[in-house]
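Position one of the sequence shown corresponds to residue 40 (my numbering), numbered consecutively onward. Glycine is no exception: its CB is placed at the ideal position from the N, C-alpha and C atoms.
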Amino acid sequence: MVRYLYEKGHEIASHSITHGVGTGFKRRKSLGDGNESPCTLLGPGGDDQFEALLNGGFLYDSTLVTPTSFKSSLLAIHDGLRNDIPARFLDVVGAMPDVWIVTGSQAVAWMQQPTPVSQLPTFAPWLCSADDASRLPQCDTINACPLPFRDRLRYFYTCSECPAEFPWRPEQ
Numbered sequence: 040m041v042r043y044l045y046e047k048g049h050e051i052a053s054h055s056i057t058h059g060v061g062t063g064f065k066r067r068k069s070l071g072d073g074n075e076s077p078c079t080l081l082g083p084g085g086d087d088q089f090e091a092l093l094n095g096g097f098l099y100d101s102t103l104v105t106p107t108s109f110k111s112s113l114l115a116i117h118d119g120l121r122n123d124i125p126a127r128f129l130d131v132v133g134a135m136p137d138v139w140i141v142t143g144s145q146a147v148a149w150m151q152q153p154t155p156v157s158q159l160p161t162f163a164p165w166l167c168s169a170d171d172a173s174r175l176p177q178c179d180t181i182n183a184c185p186l187p188f189r190d191r192l193r194y195f196y197t198c199s200e201c202p203a204e205f206p207w208r209p210e211q
């Protein structure tokens with residue numbers, strides 16, 4: 040599903056399989072186009088992280104280190120609101136003539152090249168392109184790899200050969 044969304048032009052952030060909270064920041068790049076930075080699960084990795092971002096050519100960091108003010112999971116408590124509220128929000132802001140819903144990379148592009156509202160419908164970084172060859176499927180067949188892990192079977196999806204074991208990094 041993530042690969043499909045990426046191929047359709049969505050910007051994808053990285054997230055760990057392990058949800059590790061170790062303090063050691065691994066110098067690595069995110070999946071996808073490498074514009075957004077990875078970090079430890081519960082907060083930024085300090086100087087090491089920002090040095091890795093600079094060296095890796097990352098465009099921005101979207102680390103959220105403070106709790107959000109609204110827990111969207113609470114919507115599930117009230118019957119019928121679970122999927123309705125986000126759609127209603129998008130309907131309201133989508134009807135506003137001076138509001139755009141953009142990705143992190145698109146927001147950075149506008150900051151680098153501030154453009155008047157009247158010119159935004161033709162602002163190149165915000166135009167959709169169905170012909171982006173770099174996002175075409177990278178493999179003909181995606182392997183669904185059933186791999187035992189701890190007390191259950193988990194699935195790992197890859198264009199490569201299935202690994203011998205579930206990819207897991209021990210907690211630090």
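- Pairing residue 205 with residue 186 gives a Cβ-Cβ distance under 7 Å.
- For residue 42, the enclosing alpha helix (DSSP H) begins and ends at 41-46.
- Under the three-state reduction of DSSP output, residue 192 falls in the strand class.
- Inter-segment contact for the stretch 86-94 and the stretch 135-153 is absent: fewer than three beta-carbon pairs are separated by less than 8 Å.
- Beyond the five residues adjoining it in sequence on each side, residue 167 comes within less than 8 Å, by CB distance, of 48 in the same chain, given in chain order.
- Boundaries of the alpha helix (DSSP H) around residue 144: 143-151.
- Nearest C-alpha to residue 40 among 158, 203, 160 and 196: 196.
- Assignment of residue 160 by DSSP, reduced to helix, strand and coil, places it in the helix class.
- Within 10 angstroms of the beta-carbon of residue 152 lie fewer than 16 other beta-carbons, which makes it exposed.
- In this structure, the alpha-carbon of residue 129 lies about 10 Å from that of residue 123.
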